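Undergrad: My structure is below; once you've seen it, I'll send some questions.
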Amino acid sequence: MSGWQEAAPTAVLILRDGTRLEGQGIGATGMAAGEVCFNTAMTGYQEILTDPSYAGQIITFTFPHIGNVGANDEDIETVNMAGASGVRGAVIKADITSPSNYRAAEKLDAWLKKRGIIGISGLDTRALTALIREKGMADAVIAHVPGGKFDDAALKSELDAFPGLEGLDLAKDVSTTQTYKWDETRWRWGEGYGTLENPEFHIVAIDFGAKRNILRCIADQGARVTVVPATATAEDILAHNPDGVFLSNGPGDPAATGEYAVPTIQKVIESGKPVFGICLGHQLLGLALGGKTTKMHQGHHGANHPVKDLTTGKVEITSMNHGFAVDRDSLPAGVIETHISLFDNSNAGLAVEGKPIFSVQYHPEASPGPHDSHYLFTRFLNMVREQKGVPAQAE
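Everything in the sequence shown is counted per the numbering used here, starting at 21 for the first residue and increasing by one.
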């Protein structure tokens, strides 16, 4: 009787330091280079893989069972539902099982293929996570070759050509190229997504890689949204006569995107309009106010991050996805820190004293993640309500 044999590897992940990890290929075939990060969320892999903030990254999922609830057309966060979000690859532990969920429309493997996302299964994702925690987020190349014959020279060339995320402006790659209107509201059990019928306010959202659920949360507050490209000028934005301006999440190095975004944000601030930023929008606001940003060692990626709101004393569990952070010590007088991460005490929010301007590093819209921070959208629209003489709503 012959002995048990492992299947020959059909996928590989090679880190910049030469670490080579082999497994079984899933999703699209080919190769792609990016920065490897890890995400600790137990659910929401579809939303994670379609979040434009992950552009340029290979996502390692620490939860072992990815794909077990299949995929559908509702749980997608990139605005362009047919296009890719910029994610370079996915790393998972267990083989993808047949979906077991009433909302599943297809298997994750087929869904990954359609979106051009290369994946690898069968890796010890906890060990890879420990390596990232020790050495930081590494540049890597991922490849899926059904025959298992890897061209190591081509893989090396692909990795050598990847410049890393520092100094890289990726917002322009995932942003809309045309202005459009948004009136879809949040998903509700038994109803699906709704439509805002009678908007009371008007918000302009600058799209640096916006998630759909952020726009839905704004619409839920009674505001129609006009979404403009990342490269829109302050004149373009203010010509829409908004009641407030939103700075979206997005990928890449905020200092690089800030080359064109910071002057625009500074002019918007001068207009006196209420301003709210999330994630990359938070970092860009920090730069526009005179602060600096830094690259993090391992970043924050997951749906279980505790954050303290210093303005209320409230602790909330949040969804996070960022590899850069605002340097609190660089914030000038008049800009106060409003939120901190309880994992590492890094900055997680700021506000301008006496002005309707604030931002957070995390994702209050979640998707995936807890809803603890939805109150921030009410806080933003209450600033609009105050300027318009409309009674505020309870947070």
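All C-beta atoms, glycine included, are put in the ideal place defined by N, C-alpha and C.
If you're wondering where the values come from, they're calculated on a predicted model, not measured in any experiment.
Restricting to runs no shorter than 4 residues, where is the alpha helix (DSSP H) found entirely within the stretch 232–310?
TA: Runs of the alpha helix (DSSP H) inside the stretch 232–310: 232–240, 254–258, 274–290, 300–308.
Undergrad: Is the beta carbon of Thr277 closer than 8 Å to that of Ala15?
TA: No information on residue 15 is available, as it lies outside the stretch 21 to 415 that the chain covers here.
Undergrad: For Lys176, is the classification buried or exposed, using 16 other Cβ atoms within 10 angstroms of its Cβ as the cut-off for buried?
TA: Exposed: under 16 other Cβ atoms inside 10 Å.
Undergrad: Would you say the stretch 335–354 touches the stretch 307–317, given that touching needs at least three Cβ pairs under 8 Å?
TA: Verdict: yes, contact present.
Undergrad: For the stretch 45–53 and the stretch 127–144, state whether three or more C-beta atom pairs, one from each stretch, are separated by less than 8 Å.
TA: Result yes; three or more Cβ-Cβ pairs closer than 8 Å.
Undergrad: Using the Cα positions of Met403 and Ala250, report the straight-line distance between them to the nearest angstrom.
TA: Their Cα atoms are separated by approximately 24 Å.
Undergrad: What ranges does the beta strand (DSSP E) occupy inside the stretch 197–231, keeping only unbroken runs of at least 3 residues that lie completely in it?
TA: The qualifying runs are 200–202, 204–208, 212–215, 221–227.
Undergrad: Mapping DSSP to helix, strand and coil, what is Asp159?
TA: Strand.
Undergrad: What's the C-alpha gap between Asp95 and Gln66?
TA: Asp95 and Gln66: Cα-Cα distance of roughly 6 Å.
Undergrad: Please look up how many angstroms separate the CB atoms of Ala225 and Val245, rounded, as I've assumed it's under 8 Å.
TA: Indeed, because the Cβ distance is near 5 Å, the residues count as touching under 8 Å.
Undergrad: If you draw a straight line from the alpha carbon of Ala416 to that of Glu385, how long is it in whole angstroms?
TA: In the structure as shown, the chain begins at 21 and stops at 415. Residue 416 is therefore absent and cannot be evaluated.
Undergrad: Give the C-beta separation of Thr358 and Gly389 to the nearest angstrom, bearing in mind that I take them to be a contact with Cβ-Cβ under 8 Å.
TA: The pair is not a contact, with the Cβ atoms about 20 Å apart (cut-off 8 Å).
Undergrad: One question on the structure: do His320 and Met340 come within less than 8 Å of each other, judged by their Cβ atoms?
TA: Contact: yes.
Undergrad: Suppose the cutoff is 6 Å on Cβ atoms and the five residues either side in sequence are ignored; what does the same chain contact list for Ala158 look like?
TA: So the qualifying residues of the chain are Leu35, Arg36, Val56.
Undergrad: Quick one: give me the first and last residue of the alpha helix (DSSP H) that Thr398 is part of.
TA: Where Thr398 is concerned, the enclosing alpha helix (DSSP H) stretches over 395–408.
Undergrad: CB-CB under 6 Å to Thr63, same chain, minus the five flanking residues each way: which ones, in chain order?
TA: Excluding positions up to five away in sequence, the list reads Pro388.
Undergrad: Go ahead and label Asn365 buried or exposed: buried means 16 or more other beta carbons lie within 10 angstroms of its beta carbon, across all protein chains shown.
TA: Its Cβ having fewer than 16 others within 10 Å, Asn365 is exposed.
Undergrad: Pro72 and Pro271: beta carbons closer than 8 Å?
TA: Cβ distance < 8 Å, so Pro72 and Pro271 count as in contact.
Undergrad: Give the list of continuous alpha helix (DSSP H) stretches no shorter than 4 residues that lie fully inside the stretch 45–69.
TA: Runs found: 65–69.
Undergrad: Give me the Cα-Cα distance between Ala61 and Glu279, rounded to the nearest whole angstrom.
TA: Going from the Cα of Ala61 to the Cα of Glu279 covers about 33 Å.
Undergrad: Among Asp203, Thr149, Thr199, Pro376, which one has its Cα closest to the Cα of Ala252?
TA: Comparing Cα positions, the closest option is Thr199.
Undergrad: Going by DSSP, what residue range makes up the beta strand (DSSP E) through Val111?
TA: From DSSP, the beta strand (DSSP E) with Val111 extends over 109–111.
Undergrad: For the beta strand (DSSP E) holding Glu26, just list the boundary residues, first then last.
TA: Per DSSP, Glu26 belongs to no beta strand (DSSP E) and is neither H nor E.
Undergrad: Quick one: residues in its chain with C-beta nearer than 8 Å to the C-beta of His302, no 5 flanking neighbours on either side, listed in chain order?
TA: If we look at His302 and ignore the five residues flanking it on each side, its Cβ neighbours are Leu267, Val346, Gly369, Leu370, Ser379, Val380, Gln381.
Undergrad: For Met21, count the other beta carbons within 10 Å of its own beta carbon; 16 or more makes it buried, fewer makes it exposed. Which is it?
TA: Caution applies to Met21, whose pLDDT of 46 falls short of 50 and renders its modelled position unreliable; the value that the coordinates give is listed next. By the 10 Å Cβ count, Met21 comes out exposed.
Undergrad: Exposed or buried, Gln77, counting other C-beta atoms within 10 Å across all chains shown (16 or more means buried)?
TA: Buried: at least 16 other Cβ atoms inside 10 Å.
Undergrad: From Val295 to Glu97, what does the alpha carbon distance come to, in whole angstroms?
TA: Going from the Cα of Val295 to the Cα of Glu97 covers about 23 Å.
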